[in-house]
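Novice: Supplied in C-alpha cells, the structure appears directly below.
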Amino acid sequence: MSTLLMALGLAGFVLCLSGLNHILAADHPSYVAAVYEHRVRLNPNPRVPLDRRPALEHMKQNLRVFEEQAVLAAQQGAQIIVFPEDAIHGFNFTRASIAGYLETVPDPQEVTWSPCADPHRFPDTEVLQSLSCMAHKNRLFVVANMPSRQRCNRTADPRCPADGQYQFNTNVVFSDQGVIMARYHKQNLYFEAAFDAPPECGYVTFTTPFAGLFGVFTCFDILFRDPALTLVKDMGVRQIVYPTAWMNQLPLLAAVQFQRSFSHATGVTLLAANIRAAQYGITGSGIFTPWDSLIHHDMKGDSGKLLVRRVPVLDPAFIGDAAWATLMPFSGYPKEKLRSEEPEKMHVWPTSSFDPDDGVKYCQKDSECAQEATSTTFTSIMMYDNFTLVPLRGSKGNISICSGSVCCHLLFRRSDTHEFYALGVFNGLHVVHGTYYLEVCALVKCTGEHHSSCGEETEHARTLVDFRLTGTFTTRHVFPGILGNGMTLDIPDHSGWERGNRFYMSRTGMSAGLVTAVLYGRHYEKDND
C-alpha cells in the first residue's frame, strides 16, 4: 500500500500509512493514545467577572463532554487521553474576570493527592475532582488544561504580583488511579492577560507504567527552546503531551502543519489536542510519530473529534538501548523516511537530476546570487514578515534566493505551470504576535498572479511538484514541513544536514498539489536581538 497521505472526507481526517505498521507488527512495545479536539463552550462575556458558582457551572458544561469522550476513549482501549488548552474555561479573560475560575493545584512533588478519593482535602477544587474521578473511573491517564492560582508573598518574593497571587495557565496530569502526577505552568504566553509566566522555567515530566517517560508543554511553547527543545534535546524525552489552542496561520504555521514538523524533526511522539473554535480559526489536532500521523483539521464542522491510535513506545529507558537503536534510524533529525514501498513517481524523471552536485551552484551569501536573481526577485509579506522571493518559471528548474547568510536553493519539476509558485527567504526577528528569530526557506503556492499574493493563506493547490529544497543556516534547529492540498500532511523522502551548514529535504511522487514546502529554522540564541 502506498505511504502517501490519504484525505478521508471534508473534515480533513487523515491517516498516513507507513513504516509504523511494520514496527507495530514486530511486537515492539506499544500503547493506545487518544486526543480530543473539543468544541469549547465559551463564556460570551469573558471580561465580566463571575462568582465561583456561575463560573463552575460554565466549566461543568465542558467537563461533561470530557467525561463522555473519556468513556469512549477507554472503550477503544486508550491508556492516556489529552484534552486541549483552554477547553474547560475558554479564553479572552482579564486578570480580574477569571478569578472565579481559578483553583489551587498542589505541587505533586510535595503532595500526593487524589482529588477523587479525598475531595475535601483542599477547598474549591471541583474541577480537579471531576478530572481525577474521570481518570479513576476509566482507568486512563488524563491530561487537561485549567486556570490555577498560587498564593505568594511580596516580601519573600519580589516577583509576586500586586494582588498577592500568581495566576497560571496550567496543565495537570492524572494517573489512572486519579492521583495528580504532574503540574506544568505555561511559560510562553500568547496574549493571555489573565495569566502570569512562572517566575522560573519548569521542565515537567511524568512516568507511566505502559510507555515510560512523557514530557509536558503547552501551545506557543513549541516555538521556543524552553521548555520544548530542552526537554527533547537535553533531557532525552521522546513522548510529549501537548494541549494547545492554536490559531491556524497559513502558509507556514497551521496547527497540524507545525505539529507534524516538530514530531518529525525531533524524533518524538506528539499527542496534540487543539480546541475547535472556527470563528477564531482554531482547529487541528493529531497523534504524531516520527513516521506518520493521524490528524483532524476542520474549519467548517460544528463538533469535536476523538482520535485514538496505537503507537510505539519511544522512551529509550523503557524499551532498552538495543530496541531504541533499531527503532530510531536517526539522531536529531531524520535521515530518511521509512516507507513500506517505493514512492509513486509523478513522472519518470531520472533520479540523477536531483543529485545535489549535478551542476548546482550553491550561493553562500547575497552577493553570489544577486546577479542571477536581481531581475526577478520581489518582496511580499508572509506571516507578518517581509520575505524576499523569486518566482518559479517553466516546468522544471534550479533557482536560488538569499537574505544575508541564509540562502535557499530549489531543484524542482512540476506537472503544469498554471499556478503561481515562489521560493522565499526570511532571515530576521519576527516581532508580530510574539518575538523570535527565524531563518526560513519556503516554497509557497501563491493565491493569485500578483506578487503580493505570495504569502496569503490558502489550503488548496492542484500542481504536483517534485523538489529538493536546501538552505544554508546559522542555526542547527530546522523543522522541515510539507503541506498538500486540503491540509494533506507529508514528510520528506530524505532530509538532513550535508556539508556543514546546509540542511535539505526532498520529496517526489506526492498525490496532492503542493501548498507549502518549508525549512523553518529557529535561531533561539537571537530571540533577544
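FYI, the numbering for the sequence shown is 803 to 1331, going by our numbering. Virtual Cβ for every residue (Gly too), placed ideally from N, Cα, C.
Just to confirm my understanding: we take THR1007, look at its own chain, exclude 5 residues before and 5 after, and list those with CB closer than 8 Å. What are they?
Specialist: Your numbering for residue 1007 matches position 205 in the sequence shown. So the list reads ALA984, LEU1015, PHE1016, GLY1017, VAL1018, LEU1033, MET1037, VAL1039, once near-sequence residues are dropped.
Novice: Assign THR1068 to one of three DSSP states: helix, strand, or coil.
Specialist: On the sequence shown, residue 1068 is found 266 positions in, with the first residue counted as 1. Helix at THR1068.
Novice: Check whether the Cβ atoms of HIS1098 and LEU1109 lie closer than 7 Å to each other.
Specialist: One-based indexing of the sequence shown puts residue 1098 at position 296. One-based indexing of the sequence shown puts residue 1109 at position 307. The answer is yes: Cβ separation under 7 Å.
Novice: Which residue comes first and which comes last in the alpha helix (DSSP H) that contains MET936?
Specialist: Translated into positions along the sequence shown, residue 936 becomes position 134. Here the alpha helix (DSSP H) through MET936 covers 928-940.
Novice: Which residue or residues does DSSP assign as beta-bridge partners of ILE1203?
Specialist: Within the sequence shown, numbered from 1, the residue matching residue 1203 stands at position 401. ILE1203 pairs with CYS1210.
Novice: Tell me the rounded alpha-carbon separation between ASP959 and LEU904.
Specialist: Within the sequence shown, numbered from 1, the residue matching residue 959 stands at position 157. Within the sequence shown, numbered from 1, the residue matching residue 904 stands at position 102. Rounded to the nearest whole angstrom, the C-alpha separation of ASP959 and LEU904 is 21 Å.
Novice: Of the choices GLY1103, ALA1080, ALA1074, whose alpha-carbon is the least far from that of ILE1089?
Specialist: As a first step, residue 1089 must be located in the sequence shown, where it is residue number 287. Selected option, being the one with the closest Cα: ALA1074.
Novice: Go through the region 1023-1090 residue by residue and report every complete run of the beta strand (DSSP E) that reaches 3 residues or more, in order.
Specialist: 1041-1046, 1071-1076, 1087-1090
Novice: Give me the Cα-Cα distance between GLY1315 and ARG1270, rounded to the nearest whole angstrom.
Specialist: As a working mapping, residue 1315 is identified with position 513 in the sequence shown. As a working mapping, residue 1270 is identified with position 468 in the sequence shown. Answer to the nearest angstrom: the Cα atoms are 16 Å apart.
Novice: How long is the line joining the alpha carbons of THR1085 and THR957, rounded to whole angstroms?
Specialist: Taking the sequence shown and counting its residues from 1, one reaches residue 1085 at position 283. Taking the sequence shown and counting its residues from 1, one reaches residue 957 at position 155. Answer to the nearest angstrom: the Cα atoms are 43 Å apart.
Novice: Quick check on the burial criterion: 16 or more other C-beta atoms within 10 angstroms. Buried or exposed for LEU1321?
Specialist: As a first step, residue 1321 must be located in the sequence shown, where it is residue number 519. Burial call: buried.
Novice: Where do the N-terminal and C-terminal ends of the alpha helix (DSSP H) with HIS860 fall, by residue?
Specialist: In the sequence shown, counting from the first residue as 1, residue 860 sits at position 58. From DSSP, the alpha helix (DSSP H) with HIS860 extends over 854-877.
Novice: Comparing alpha-carbon positions, which option in ASP1028, ILE883, ASP853, HIS1232 lies nearest HIS938?
Specialist: By 1-based counting over the sequence shown, the position of residue 938 is 136. Ranking ASP1028, ILE883, ASP853, HIS1232 by Cα distance to HIS938 puts ILE883 first.
Novice: Could you tell me the distance, in whole angstroms, from the CA atom of LYS862 to the CA atom of ILE890?
Specialist: Indexing the sequence shown from 1 puts residue 862 at position 60. Indexing the sequence shown from 1 puts residue 890 at position 88. The straight-line gap separating the alpha-carbon atoms of LYS862 and ILE890 is approximately 8 Å.
Novice: Could you give the distance in angstroms between the alpha-carbon of LEU1240 and the alpha-carbon of SER1207?
Specialist: Start at 1 with the first residue of the sequence shown, and residue 1240 comes out as number 438. Start at 1 with the first residue of the sequence shown, and residue 1207 comes out as number 405. Straight-line Cα distance between these residues: approximately 12 Å.
Novice: So if DSSP puts TYR1238 in a beta bridge, which residue, or which two residues, is it bridged to?
Specialist: Indexing the sequence shown from 1 puts residue 1238 at position 436. Paired residues: HIS1232.
Novice: Could you tell me the distance, in whole angstroms, from the CA atom of PRO1152 to the CA atom of ALA1224?
Specialist: As a position in the sequence shown, residue 1152 is number 350, starting the count at 1. As a position in the sequence shown, residue 1224 is number 422, starting the count at 1. Because the pLDDT at PRO1152 is just 38, under 50, the model does not fix this residue reliably, and the value given afterwards should be weighed accordingly. Computed Cα separation, rounded: 24 Å.
Novice: Quick check: what's the CA-CA separation for GLY1134 versus ALA1067?
Specialist: Along the sequence shown, read from residue 1 onward, the residue named residue 1134 stands at position 332. Along the sequence shown, read from residue 1 onward, the residue named residue 1067 stands at position 265. Confidence at GLY1134 is low in this model, with a pLDDT of 39, below 50, so its placement is unreliable and the value that follows should be read with caution. Straight through space, the alpha carbons of ALA1067 and GLY1134 are spaced by roughly 7 Å.
Novice: Going by the beta-carbon positions, is the gap between VAL907 and VAL974 smaller than 7 Å?
Specialist: On the sequence shown, position 105 is the one that residue 907 refers to. On the sequence shown, position 172 is the one that residue 974 refers to. Yes.
Novice: Give the range of the beta strand (DSSP E) segment to which ILE883 is assigned.
Specialist: Taking the sequence shown and counting its residues from 1, one reaches residue 883 at position 81. ILE883 -> beta strand (DSSP E) spans 882-884.
Novice: I'd like the span of the beta strand (DSSP E) that includes VAL1096, first residue to last.
Specialist: Locating residue 1096 in the sequence shown gives position 294, counting from the first residue. According to the sequence provided, residue 1096 is Leu. The question's Val does not apply to it. Taken as a continuous stretch (DSSP letters only), the beta strand (DSSP E) holding LEU1096 covers 1095-1098.
Novice: Given this structure, state the Cα-to-Cα distance separating GLN911 from HIS922, to the nearest angstrom.
Specialist: Numbered from its first residue, the sequence shown carries residue 911 at position 109. Numbered from its first residue, the sequence shown carries residue 922 at position 120. About 20 Å.
Novice: Nearest-angstrom Cα distance between GLY1106 and GLN1081?
Specialist: On the sequence shown, residue 1106 is found 304 positions in, with the first residue counted as 1. On the sequence shown, residue 1081 is found 279 positions in, with the first residue counted as 1. So the alpha carbons of these two residues sit roughly 15 Å apart.
Novice: Kindly indicate which three-state DSSP category ASP1123 falls into: helix, strand or coil?
Specialist: Counting from one through the sequence shown, the residue named residue 1123 turns up at place 321. If DSSP states are grouped into helix, strand and coil, ASP1123 belongs with the helices.
Novice: Looking at C-alpha atoms only, which residue of VAL850, HIS1262, GLY1273 is the closest neighbour of ALA996?
Specialist: Within the sequence shown, the letter at position 194 stands for residue 996. It is VAL850.
Novice: In whole angstroms, what separates the C-alpha of ASP1094 from that of ASP1295?
Specialist: The residue labelled residue 1094 in the question sits at position 292 within the sequence shown. The residue labelled residue 1295 in the question sits at position 493 within the sequence shown. Cα-Cα distance, rounded: 12 Å.
Novice: For ALA880 and VAL834, which I take to be in contact (beta-carbon distance under 8 Å), what is that distance rounded to the nearest angstrom?
Specialist: On the sequence shown, position 78 is the one that residue 880 refers to. On the sequence shown, position 32 is the one that residue 834 refers to. ALA880 to VAL834, Cβ: 5 Å. Contact.
Novice: Is the beta carbon of THR1249 closer than 7 Å to that of THR1265?
Specialist: Within the sequence shown, numbered from 1, the residue matching residue 1265 stands at position 463. Within the sequence shown, numbered from 1, the residue matching residue 1249 stands at position 447. No, they are not a contact pair.
Novice: For a test of the three-state rule: what should DSSP assign to HIS987, helix, strand or coil?
Specialist: One-based indexing of the sequence shown puts residue 987 at position 185. Reduced to three states, the DSSP call for HIS987 is strand.
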